[in-house]
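Structure first, commentary second.
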Amino acid sequence: MNFAPAALEVIAYEGAPRTLEVAVKSSRSIDSVVNVGIVADRAGLLEGVQVERTAEALSYKAKLTLSTTMGVGEYRGALEIRLCYDEPLTCARPVEGAPWLLPYTIVVRKGTDLSPLRPLAGAKDWGMYQGSAQHTGYVAATVNPGAFGRRFRVELPETTESSEIAVAQGLVALVSGVVPYIPWSVHGIHEATGAPAWTVATADAWVQFNPPALADGMLYTVSSGSPSLWSFSAADGVLLNKTYLGSQRKIHLAPTVESGAIFAAGGNYGGMSRIAAGGAGVDWSKDLLWSSHWTPAVQGSLAYAYLADTLHAIHVADGATAFTIVDPALGGSGYTAPGAPAIADDGAVFVSRVAFRPDLPYTGLLRFDPIARSLSWSVATQVLSQPVVAGETVYALEGGALQARSARTGASLWSWNAPSAFAGKGGQVDPLPLVVVGDLAFFCTIDGTMALDLKTRQIVWTDPSIGRLAVSANGILYIRGTTELVAVNLH
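Under the numbering used here, think of the first position of the sequence shown as 65, with each following residue one higher.
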């Protein structure tokens with residue numbers, strides 16, 4: 065018998081469920097019916113075991129559920145894998161070669177630390193997609209992995225589409241729902257404790273709430289089905305305004321808020337709209353293209369959208385087109401990448417062309433120069449994430465690696481290969497999560513959320529949860545999965 069992994073190295077949290085998968089490959093077939101048993105060398109280690117055959121010959125998959133009663137500490141030992149012609153508990157008639165041992169090291173960490181919230185120097189409210197109206201995904205703060213620890217974990221209603229969260233002024237905002245089975249809701253959660261602040265549900269089966277934005281004491285979300293901007297009081301969830309946008313029934317990212325104004329997908333057949341502060345009516349709408357899974361980026365007097373092979377720059381004052389820059393690599397294909405432009409401090413605009421179908425060969429990373437009104441550079445690469453802009457460096461998940469590039473030239477500075485495939489919960493076409501905090505990059509693989517030291521290129525922290533990522537002004541890392549929200553103290 066061969067096992068993958070050959071030894072279990074597991075991080076779990078006190079009181080939280082944890083399920084492991086082990087691939088089992090037999091070197092030969094067994095003619096008779098046998099029983100399988102997985103026996104722990106100590107009581108209270110396993111809560112459940114499930115073994116099933118896979119499509120590959122002589123291959124099986126074992127799901128092991130750890131006990132939630134395990135205390136904080138480190139556990140070392142070995143699981144005994146039994147194949148028996150009789151009952152596995154006694155196994156008086158074992159299959160030749162049985163039993164086999166699967167070594168394990170299980171580290172159980174403290175599951176809750178509700179220490180007083182403290183601002184993290186350099187961090188700001190994560191009020192919208194990738195943190196701000198510029199969508200850089202970068203937090204200019206210094207954190208020490210040795211101080212990381214779970215603040216709380218709360219269970220959430222299932223969500224199958226885009227599940228980005230927003231965090232501002234001590235409130236976590238998110239939406240939940242499953243099309244077309246579970247009605248959609250908007251939730252406010254206290255950052256200090258993880259306790260619910262309020263929940264607003266819609267009884268309209270045609271309404272799907274998209275990810276929220278938090279700004280100026282308001283929560284904003286654009287609905288699909290009945291395309292409108294919903295404006296709630298962040299304090300108590302009271303609906304203050306509902307503004308019809310006239311866009312098509314598409315899924316979108318969180319609206320972008322800058323200087324009080326709200327920018328979102330809108331227009332008669334798709335495009336961009338500016339809505340007055342508080343959601344008090346549409347100031348203007350600009351028809352651009354019928355598309356989904358995007359949101360504008362805003363800096364100064366211009367709002368940007370990358371749609372149909374083209375970077376559109378729109379005057380925020382009146383919605384007039386300032387200029388457009390065509391992406392020549394696509395040659396008028398009409399392809400629109402999901403996500404949003406990311407704007408550097410110097411005004412340069414970066415775009416990830418993420419292909420949401422395997423038959424689309426249009427993947428790549430681009431830099432536009434709004435002053436020269438030209439494409440500065442483009443790199444053909446299998447980009448999977450938003451670009452994260454941190455000073456003179458732009459980071460992205462590319463293929464199986466985290467890639468660091470020169471923001472000015474696009475040249476590769478270094479590349480680090482991930483130990484397993486990148487992952488991220490949410491809509492299937494959304495860019496995968498990537499956030500940089502100081503010298504640490506946070507991302508998800510199929511094995512969990514990881515922090516990579518950008519100087520040493522070593523993994524310095526892991527968590528078994530997977531999901532969309534956000535970092536609050538109080539130095540809390542959030543991992544929003546399909547059915548859970550995990551908060552991690554970063555200082």
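Where is the CB? At the ideal position from N, CA and C, for every residue including glycine.
- Excluding sequence positions up to five before and after LEU130, its CB lies within less than 6 Å of the CB of ALA76, ARG82, all in the same chain and listed in chain order.
- Under the three-state reduction of DSSP, PRO495 is assigned to coil, being neither helix nor strand.
- The count of Cβ pairs closer than 8 Å, one atom from the segment 209-222 and one from the segment 545-555, reaches three, so the stretches are in contact.
- Pairing LEU430 with PHE414 gives a Cβ-Cβ distance under 9 Å.
- Pairing LEU278 with ALA230 gives a Cβ-Cβ distance under 9 Å.
- Rounded to the nearest whole angstrom, the C-alpha separation of THR132 and VAL74 is 14 Å.
- When the Cα atoms are used, ALA551 and VAL159 turn out to be separated by approximately 46 Å.
- In the DSSP secondary-structure assignment, GLY108 is not bridged to any residue.
- LEU496 and ARG532 have their C-alpha atoms some 8 Å from each other.
- Membership of SER179 in any beta strand (DSSP E) is not indicated, and neither H nor E is assigned to it by DSSP.
- Cβ-Cβ distances below 7 Å link GLY79 to THR132, GLY175 in the same chain, with the five nearest sequence neighbours on each side left out; the list follows chain order.
- TYR333 sits exposed, since fewer than 16 C-beta atoms from the chains shown fall within 10 Å of its C-beta.
- For GLN363, the three-state secondary structure derived from DSSP is strand.
- Less than 9 Å separates the beta-carbon of TRP478 from that of ALA468.
- Taking every protein chain shown into account, the CB of PRO209 has fewer than 16 other CB atoms within 10 angstroms, so this residue is exposed.
- Assigned with DSSP and collapsed to three states, PRO158 falls in strand.
- Following the DSSP letters along the chain, one finds MET514 inside the beta strand (DSSP E) bounded by residues 512-517.
- For GLU228, there is no enclosing beta strand (DSSP E), as DSSP marks it with neither H nor E.
- In the DSSP secondary-structure assignment, GLY241 is bridged to THR223.
- Boundaries of the beta strand (DSSP E) around LEU504: 504-509.
- Pairing GLY137 with GLY213, the inter-Cα distance amounts to about 14 Å.
- Take ASP527, set aside five residues on each side of it, and the residues of its chain with a beta-carbon closer than 6 Å to its own are GLY512, THR513, in chain order.
- In this structure, SER337 lies away from PRO402, with their beta-carbon atoms at least 9 Å apart.
- Between the segment 360-377 and the segment 385-394 there are three or more inter-stretch CB-CB distances shorter than 8 Å, so the stretches are counted as touching.
- In the same chain as ILE326, and ignoring 5 residues on each side of it, the C-beta atoms closer than 6 Å to its own belong to TYR284, PRO319, ILE339, in chain order.
- Taking the C-beta atoms as reference points, PHE507 is found no nearer than 9 Å to ALA485.
- In its chain, beyond the 5 residues on either side, LEU283, LEU303 have a beta carbon closer than 6 Å to the beta carbon of PHE296.
- Rounded to the nearest angstrom, the gap between the Cα atoms of GLY345 and THR307 is 6 Å.
- Cβ contact annotation for ALA487 (same chain, cutoff 6 Å, sequence separation greater than five): CYS508, THR509, ILE510, ILE530, in chain order.
- A direct Cα-Cα distance of roughly 31 Å separates LEU461 from SER323.
- If you check the CB distance, SER90 and SER123 come in under 9 Å.
- Counting only unbroken stretches of 4 or more residues, no alpha helix (DSSP H) element lies wholly within the segment 278-336.
- A distance of 9 Å or more separates the beta carbons of ALA187 and GLY455.
- In terms of Cα proximity to PHE216, the closest of PRO180, ALA361, GLY201, GLY195 is PRO180.
- Apart from sequence neighbours up to five positions away, the residues of its chain that approach ASN99 with a beta-carbon distance below 6 Å are CYS148, PRO152, ordered along the chain.
- ALA197 has its alpha-carbon roughly 7 Å from the corresponding atom of GLN363.
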